[in-house]
Amino acid sequence: MKQQKEDRRSRRTRHLVSDAFIELLLEKSYDAIMVQDILDQAGIGRTIFYAHYFDKKDALESTVEGMMETFSQLIAHREAGQEILLGADMFGHVHQHWQVFQALVLHGGVALWETGQAMLSTTIEETLASRLPTKHSSSVPLAVVSHYLAGAFLNLLKWWLEAEIPCPPEQIDQIFQQLVMPGVWATVGGKRA
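According to our numbering, the sequence shown is numbered sequentially starting from -6.
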């Protein structure tokens, strides 16, 4: 994403492009969306678009970045006694905005998937590194654990959205915790909360 001073107009433009991208993804796949479609939907000109983004992929990455920032905040601001990584609040957030997430997951394409997984993996790795004992020693590097955990979460999330949310956030979180977390905690030697 192009670096520039974040002023009010710039934030407004980014918000318009992000909203336009999501609206378009509700209608068609990422590959079928052209920059002109984004411009028309957002009501901005080509010059403005290219002042903020290199291309369509850059605009998508910016949109995903904004959404992943919410996940990062949910992970980073957990209190003692909560799951330190992924939990029901994340599934709850997706549930509140399920149509948007469904469009992104089902129509966002490989670029979205890779960007989302990379960002979530980085957040998980940073969280694990900051919360595990300093003498953490495992034969599996935290980067590998984080990548695995992000992939497991996103794949379960994708199933949940494709099935049109057949169970409440708390139940899908219980399934996630049961399937994934015992192995993660056994590997990193940490505690659940």
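Ideal Cβ positions, reconstructed from N, Cα and C, are used throughout, including at glycine.
Which of helix, strand or coil DSSP assigns to residue i
i    : result
G182 : coil
F47  : coil
S22  : coil
H90  : coil
I158 : coil
V133 : coil
G176 : helix
I165 : helix
G101 : coil
I37  : coil
Beta-carbon proximity check, residue i vs residue j, cutoff 8 Å
i    : j    : result
L18  : L97  : yes
A25  : L9   : no
L135 : A122 : yes
G144 : Q110 : yes
V177 : L142 : yes
L105 : V137 : no
Status (buried if at least 16 other CB within 10 Å, exposed otherwise) for residue i
i    : result
D0   : exposed
E20  : exposed
E89  : Looking at the sequence itself, residue 89 is Gln, so the reference to Glu does not match. Result: exposed.
D166 : buried
M27  : exposed
Q29  : exposed
Distance between beta carbons of residue j and residue i, contact taken as under 8 Å
i    : j    : result
G85  : P162 : 4 Å
S55  : R4   : 12 Å between Cβ atoms; not a contact.
S131 : T180 : 6 Å
A52  : I37  : Actually they do not touch by this definition, with Cβ atoms about 11 Å apart.
Within-8 Å CB hit, residue i to chain D
i   : result
K50 : Reference to chain D is not applicable here, since this structure consists of a single protein chain.
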